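The structure appears right after this line, and notes come after that.
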Amino acid sequence: MRLTKRISLLAAAAALTASTAVLAAPTFINILTGGTSGVYYPIGVGLSQLYSNGIEGSKTSVQATKASVENLNLLQQGRGELALALGDSVADAWNGVEDAGFKAPLKKLRAIAATYPNYIQIVASKESGITSLADLKGKRISVGAPKSGTELNARAIFAAAGMSYEDMGKVEFLPYAESVELIKNRQLDATLQSSGLGMAAIRDLAATLPITFVAIPGEVTAKIGNAAYQAAAIPAGTYDGQDTEVATVAITNILVSHEGVSDEVAYQMTKLMFDNLERLGNAHSAAKDIKLETAAKHLPIPLHPGAERFYKEAGAL
């Protein structure tokens, strides 16, 4: 009896130890962003701080990437728990558009929230003489990393304007900061960047030399034929020397997770963001455009059940 009792006690102790270990296992939250000079990265850092403090047992990290397309492919592979991506890229990922960088439909993806808009910002050095889309012909331009969300935007906009890369004198496929450095060094004339307003790389360029913002007219936006692309404007005074409003295109960014992330973690990630929007706006001003009332609407992929629970509780669904 004593031996049996001792075995039973040892078994119970072992079971308790095992269950405690499971409960104590950390929750890893890797946030996939973009280049460190863009907007995704500081917002990712802001979210990681919220989750590190607000989700018990969490271990957060922020990964700089090539942004939308890479982020979505990594999520499908389970190599991240949360990512920012452009709405058109998210739709292409769900549908498996190979030309957009997705070899098969990424059906594990789940939405957390529609967030702030990306604005297409085409900037040229003043000395290049570029003042319109047509003036880009024969010039040297950077359009973002190959098959990145930015580069897909560039293709769509140029096609709508009746142009292609073949019309340019030279096309580079470089991230934000590298593109700006080449303009500073007179090795490029212009860059197309898809980002939130007030991005660091363009602020840096505007503070260094005289620049011109190239407008994207409303008629060009209408010809894109994709509901993800909406006519918008860069407000006057967003950057040094930019004294007038600039017509452009805006595309909503989406916070995306995947079905392997637990409902509870997805719920907490969503709730903590909306409970701390003011703090997140301090990480980058673009986050000030995130609105609860629109966060669960017009999404191209299903909501994560954890996020859906939050929106129902908040009356946003």
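Letter by letter, the sequence shown follows residues -24 to -1, 1 to 293 of mature numbering (1 follows the signal peptide of the UniProt record, and there is no 0). By construction, the Cβ of each residue, glycine as well, lies at the ideal position given by its N, Cα and C atoms. On a predicted model such as this, the values are computed, not experimentally measured, just so you know.
Do residue 100 and residue 275 have their C-beta atoms within less than 8 Å of each other?
Not in contact: residue 100 and residue 275 (Cβ atoms no closer than 8 Å).
With residue 42 as the anchor, note down where its alpha helix (DSSP H) starts and where it stops.
Following the DSSP letters along the chain, one finds residue 42 in no alpha helix (DSSP H), marked with neither H nor E.
Which value, in whole angstroms, describes the spacing of the CA atoms of residue 103 and residue 130?
Taking the straight line from one Cα to the other gives about 22 Å.
Measure the alpha-carbon distance for residue 32 versus residue 244 and round it to whole angstroms.
Cα-Cα distance, rounded: 10 Å.
Counted within 10 angstroms of its Cβ, other Cβ atoms place residue 186 as buried (16 or more) or exposed:
By the neighbour-count criterion, in which a residue is buried when 16 or more other Cβ atoms sit within 10 angstroms of its Cβ, residue 186 is exposed.
Flag this pair as yes or no: are the beta carbons of residue 115 and residue 166 separated by less than 8 Å?
Yes; because the gap between Cβ atoms is below 8 Å, this pair is in contact.
For residue 222, which residues from the same chain have a beta carbon less than 7 Å from its beta carbon, with the 5 sequence-adjacent residues on both sides left out?
Apart from sequence neighbours up to five positions away, the residues of its chain that approach residue 222 with a beta-carbon distance below 7 Å are 189, 191, 209 and 210, ordered along the chain.
With 16 as the cutoff for other CB atoms within 10 Å, does residue 42 come out buried or exposed?
Buried, since its Cβ has 16 or more Cβ neighbours within 10 Å.
How many angstroms separate the CA atom of residue 149 from the CA atom of residue 133?
Residue 133 has its alpha-carbon roughly 16 Å from the corresponding atom of residue 149.
My guess is that residue 45 and residue 7 are in contact by the Cβ rule of under 8 Å, so how many angstroms apart are they, rounded?
Taking the Cβ atoms as the reference, residue 45 lies roughly 17 Å from residue 7, outside the contact range of under 8 Å.
Between which residues of its own chain and residue 199 is the CB-CB distance below 7 Å, once the five residues before and five after are set aside?
Take residue 199, set aside five residues on each side of it, and the residues of its chain with a beta-carbon closer than 7 Å to its own are 136, in chain order.
Assuming residue 71 is part of the alpha helix (DSSP H), what are its boundary residues?
Element bounds for residue 71: 63 to 71.
Could you pull out every residue in the same chain whose Cβ sits closer than 6 Å to the Cβ of residue 168, ignoring the five residues on either side in sequence?
In its chain, beyond the 5 residues on either side, 98, 119 and 130 have a beta carbon closer than 6 Å to the beta carbon of residue 168.
Verify whether the separation of the beta carbon atoms of residue 87 and residue 293 is less than 8 Å.
Going by C-beta atoms, residue 87 is not nearer than 8 Å to residue 293.
Closest Cβ-Cβ distance between residue 92 and chain B: below 8 Å?
Among the chains of the structure shown, chain B does not appear; only one protein chain is present.
By how many angstroms is the C-alpha of residue 23 removed from the C-alpha of residue 145?
Answer to the nearest angstrom: the Cα atoms are 41 Å apart.
Classification of residue 9 by the beta-carbon crowding that lies within 10 angstroms, buried from 16 upward:
Buried, because 16 or more other Cβ atoms sit within 10 Å of the Cβ of residue 9.
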